[in-house]
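Engineer: One structure is given below, represented as C-alpha cells, and several questions about it will come after.
In this note's numbering, the protein residues as written are 1478 to 1594.
This is the structure in C-alpha cells:
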C-alpha cells in the first residue's frame, strides 16, 4: 500500500499514560509533519522555560480538542494556557508525543526494543 499524504489532520481519540499518573483520554487532531517540524525547531530554540511553554501551549491549543483532565470532579478542564501549564510534565510530554505522531504504538515498540523493557 502506498504512503498517502494528507493536507489536513483528522480527529482521533487517544489515551496517554505516564508512570504513576492516571490515564488521560485525549481527542486531538494530529499535527501535520510541517507543524511538527516547526514545533520541534521553536521548542529547541527556546532559551527559557516560559519560552518553551509558549511553544507547547500554541501546539496543544491548536491540536487538542478535549481531554478528561478535570479541575472540578466530573467536569473536563478547558484546553487553555492556564490548564496546560498545570499538567504534570510526564503527562504533558505524552500528550505532545501523541499530537506530534509519537503515539502509543511507537512507545510500545520502543519499550519492546529497550534493554529495560
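Built from N, CA and C at the ideal position, the CB exists for glycine as well.
Computed from a predicted model, the values in this text were never measured in an experiment.
(1) Check this for me: beta carbons of residue 1534 and residue 1558, under 7 Å apart or not?
(2) Look at the alpha carbon of residue 1554 and the alpha carbon of residue 1495, and state the distance between them as a whole number of angstroms.
(3) Does the contact criterion of 3 or more C-beta pairs under 8 Å hold for the region 1543–1551 versus the region 1497–1511?
(4) Can you tell me which residues form a DSSP beta bridge with residue 1552?
(5) Tell me whether residue 1498, by its Cβ, gets closer than 6 Å to a heavy atom of the ligand MG.
(6) Please return the same chain residues whose Cβ sits closer than 7 Å to the Cβ of residue 1575, not counting the five positions on each side in sequence.
Structural biologist: Judging by the given coordinates:
(1) yes
(2) 19 Å
(3) yes
(4) Among the bridge pairs identified by DSSP, residue 1552 is matched with 1549.
(5) No copy of the ligand MG occurs in the structure displayed, which carries no ligand at all.
(6) 1491, 1493, 1503 and 1505
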